[in-house]
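Be aware that the sequence shown starts at 1386, since it is given in the numbering used here, and climbs by one per residue. Built from N, CA and C at the ideal position, the CB exists for glycine as well.
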Amino acid sequence: MALLTPHDLININKQLQEADSAVQRVTGLDIKGICKALYSTSPGSEKVGIVPVTSGNGIIGNFSSSLHAITQYFGFDSFVTDMPDVSGYYEAVRNGAEIILMADDHTFLAHNLKNGKIANNQPCTGMIYAEIASRYLKADSKDVLVVGLGKVGFPGAAHLVHKGFRVYGYDPDETLLKKTVSNLGIISFDPENPRKFSIIFEATPCANTIPEVVLSENCVLSTPGIPCAISDELRKKYHVQLVAEPLGIGTVSMLYSVL
Ligand code: NAI
Ligand code: 1J1
Ligand code: MG
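Pasting the structure below:
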């Protein structure tokens, strides 16, 4: 999977504040409000233990410290363990962690040790970015374009179907696209025969995945994909309302899902 780089996480507090403002402009709710609406949970005073993991590609600079900043931003009591891996897990539990956050190259999990609930970052990220898109206050219809139907995009598309949206899906992987169209009952978006949308949800590891022809003036683009799906130039030309942030929105979605 496409891994974060230390550069993606620079100034995470500022990135979070800007994303929170964008979510409020688009939906009328802040990120916590979206989480509460999505999961019907509210944090108490859960203590979150963040465990650095060295396996595979190893520690990502700024990853654990960003999780620390993100959990604090959303009002959780949290700490990063001194030791990584199994020793770090032991340290987290011994120091009173109720929720463990840790990630290797394939899985980023949140595990609530009190109630046994466990969450995976990919579906939680897809769900919350789709939920934000679905709450666009000035949407002109219930039509939504989903670009990228992988481990993040698929659960987001499923969530939109579940909420009663008319979902148009696109992925260049034709086998995946066909399978998803039939499994979810969505409409296959044909780039050769495009139309405009006021709501777009994107989850790919590629840049410039949103062609100009699908953009309507003031449309919402809710996207966890890194790098960003749209150029600055197109964003400005269509006054696109962009919701994009590298780690925090998906992480808080995981945390609320295990409360
Ligand atoms: P994935 O590899 O499972 O799925 C990506 C999908 O995008 C694939 O099906 C691929 O065929 C498709 N794709 C590639 N180019 C495309 C194009 N031009 N148009 C449409 N679809 C295209 O990856 P996953 O796990 O779903 O992650 C997607 C992105 O989200 C990655 O960049 C990942 O780093 C990022 N991510 C961001 C998070 C955040 O909190 N901001 C959290 C988790 C993932
Ligand atoms: C690896 C995280 C890889 C991603 C959300 O502990 C460490 O420093 C490393 N083992 C963390 N996963 O980059 C995903 C998670 C967005 N991308
Ligand atoms: Mg995020």
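Cβ-Cβ separation, residue j to residue i (assumed contact under 8 Å), whole Å
i     : j     : result
T1565 : F1539 : 6 Å
Y1475 : I1634 : Not really, about 30 Å apart at Cβ, beyond 8 Å.
S1583 : D1525 : 5 Å
V1625 : A1407 : Not really, about 11 Å apart at Cβ, beyond 8 Å.
T1445 : L1388 : A small correction: the amino acid at residue 1445 is Ile; Thr does not occupy that position in the sequence shown. Sure, about 7 Å apart at Cβ, within 8 Å.
L1640 : F1461 : 7 Å
M1512 : S1638 : 6 Å
Heavy atom of the ligand NAI within 8 Å of residue i beta-carbon
i     : result
I1572 : no
C1591 : yes
T1594 : yes
T1390 : no
D1489 : no
A1588 : yes
F1575 : Inspection of the sequence shows that residue 1575 is occupied by Asp rather than by Phe. Flag unset: Cβ of D1575 not near the ligand NAI.
D1528 : no
Burial state of residue i (16 or more Cβ within 10 Å)
i     : result
N1576 : Note that residue 1576 corresponds to Pro in the displayed sequence, not to Asn. Burial call: exposed.
N1603 : exposed
N1506 : buried
N1447 : buried
D1558 : exposed
S1642 : buried
R1410 : exposed
V1546 : buried
R1479 : exposed
K1519 : It is worth fixing the name first, because residue 1519 is Ser in this sequence and not Lys. When all chains shown are included, S1519 counts as buried.
A1592 : exposed
P1596 : exposed
A1422 : exposed
Closer than 8 Å: residue i CB and nearest the ligand 1J1 heavy atom
i     : result
V1438 : yes
T1510 : yes
A1407 : no
F1464 : no
A1614 : no
P1469 : yes
G1664 : Because the chain is modelled from 1386 through 1644, residue 1664 falls outside the range shown and cannot be assessed.
A1454 : no
Closer than 8 Å: residue i CB and nearest the ligand MG heavy atom
i     : result
E1630 : yes
G1538 : no
P1609 : yes
Distance cut-off 8 Å: residue i Cβ against heavy atoms of the ligand GTP
i     : result
I1634 : With respect to the ligand GTP, the structure shown offers nothing to examine, as its ligands consist of the ligand NAI, the ligand 1J1 and the ligand MG.
Any C-beta of chain B under 9 Å from that of residue i
i     : result
H1547 : The structure shown has no chain B; it contains just one protein chain.
Taking the runs of the beta strand (DSSP E) that are 3 residues or longer, which of them lie wholly in the segment 1479-1567?
-> For the segment 1479-1567, the continuous beta strand (DSSP E) assignments of 3+ residues that do not extend past its boundaries occur at 1484-1488, 1493-1497, 1503-1505, 1528-1532 and 1551-1555, in sequence order.
Considering only residues of the segment 1407-1447, which uninterrupted alpha helix (DSSP H) runs meet the minimum length of 4 residues and lie entirely inside it, listed in chain order?
-> The alpha helix (DSSP H) runs lying completely inside the segment 1407-1447 and spanning 4 residues or more are 1416-1424, given in chain order.
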